[in-house]
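Participant:
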Amino acid sequence: MTKQRLDEQYTCEYPAGTVLFRQGERGEQMYVVRSGKLELTRNVGGREARLGVLEAGEFCGELSVLARAPRSATARVIERARLLVIDASTFETMIQHSTEVAVRLIQQLATRLVDTSRQVELLLLRHPHARVAQYLRQEAEAHGEPDQDGMAIALTAAAMATRLGLARDEINAALQRLERAKLLRTRSDGALVLSDGQRAQDFIDFLEMKQQQGGTPTDGGAAAAP
Numbered sequence: 029m030t031k032q033r034l035d036e037q038y039t040c041e042y043p044a045g046t047v048l049f050r051q052g053e054r055g056e057q058m059y060v061v062r063s064g065k066l067e068l069t070r071n072v073g074g075r076e077a078r079l080g081v082l083e084a085g086e087f088c089g090e091l092s093v094l095a096r097a098p099r100s101a102t103a104r105v106i107e108r109a110r111l112l113v114i115d116a117s118t119f120e121t122m123i124q125h126s127t128e129v130a131v132r133l134i135q136q137l138a139t140r141l142v143d144t145s146r147q148v149e150l151l152l153l154r155h156p157h158a159r160v161a162q163y164l165r166q167e168a169e170a171h172g173e174p175d176q177d178g179m180a181i182a183l184t185a186a187a188m189a190t191r192l193g194l195a196r197d198e199i200n201a202a203l204q205r206l207e208r209a210k211l212l213r214t215r216s217d218g219a220l221v222l223s224d225g226q227r228a229q230d231f232i233d234f235l236e237m238k239q240q241q242g243g244t245p246t247d248g249g250a251a252a253a254p
């Protein structure tokens, strides 16, 4: 099937605010973004955490279609979108007859696997401050830019709260604690600079150890731990 015929037969337009599917629902279709933006979210401990934003050329819903499994996330249109809406049988036919589609699917699945592994690392941490510190480490390794005393990351408290499913005050408290521990500083342009990845890991381990012991780490103890 040509790209033109594919567009003509399967393209639909959705306004902002449309929920394409919800976490836990049965998946019977996948979506390819032609234009616009989609947001993927997941319920974590009763709070909504953002998994990512999809733009033109990206797709979602393929795992549920292939595995006949419930949706692992909720997909919502956040900017009016033109989408290819493809059912299971059509998708399987496309994979069988198109090397390009198969390769792109493998690449997407590999990327999702890495993202899922990172998300699991975060969810295994019970202390919210440890979760914030681990997320900063992950972002520094993946997207950080070298700074004179660490790795700079363009993140806001609001974005972290959405991603981690934590309240803004929990994020701010964690950032302040990391600053007191000399592990983090905020540049004049608003970027966060994580100074030492290994000391940040020691900080995370300390918080989790105290959490398991049923104690609440003091600021002084946490700062001294690294």
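For the sequence shown, my numbering begins at 29 and goes up steadily by one.
Glycine is no exception: its CB is placed at the ideal position from the N, C-alpha and C atoms.
1) In whole angstroms, what separates the C-alpha of H155 from that of D230?
2) Enumerate, from N- to C-terminal direction, the unbroken beta strand (DSSP E) stretches of 3 or more residues contained entirely within the stretch 146-190.
3) Where A342 and E198 are concerned, what is the direct C-alpha to C-alpha distance, given to the nearest angstrom?
4) Between L26 and A77, how many whole angstroms is the CB-CB distance? I'm expecting something under 8 Å.
5) For Q136 and V129, what's the separation of their Cα atoms in angstroms?
6) My output table needs one value for T144: the three-state DSSP class, helix, strand or coil.
7) For G45, count neighbouring C-beta atoms within 10 Å of its own C-beta (all shown protein chains included) and say buried if the count is 16 or more, exposed if not.
8) Are L153 and R146 touching if we call contact CB-CB under 8 Å?
9) Do L112 and Y59 have their beta-carbon atoms positioned less than 8 Å apart in this structure?
Facilitator: On the basis of the supplied data:
1) 14 Å
2) 173-175 and 178-181
3) Outside the shown range of the chain (29 to 254) lies residue 342, about which nothing can therefore be said.
4) Lying outside 29 to 254, the shown extent of the chain, residue 26 is not represented and no answer is given.
5) The alpha-carbon of Q136 is positioned some 10 Å away from that of V129.
6) helix
7) exposed
8) no
9) Contact flag set, yes.
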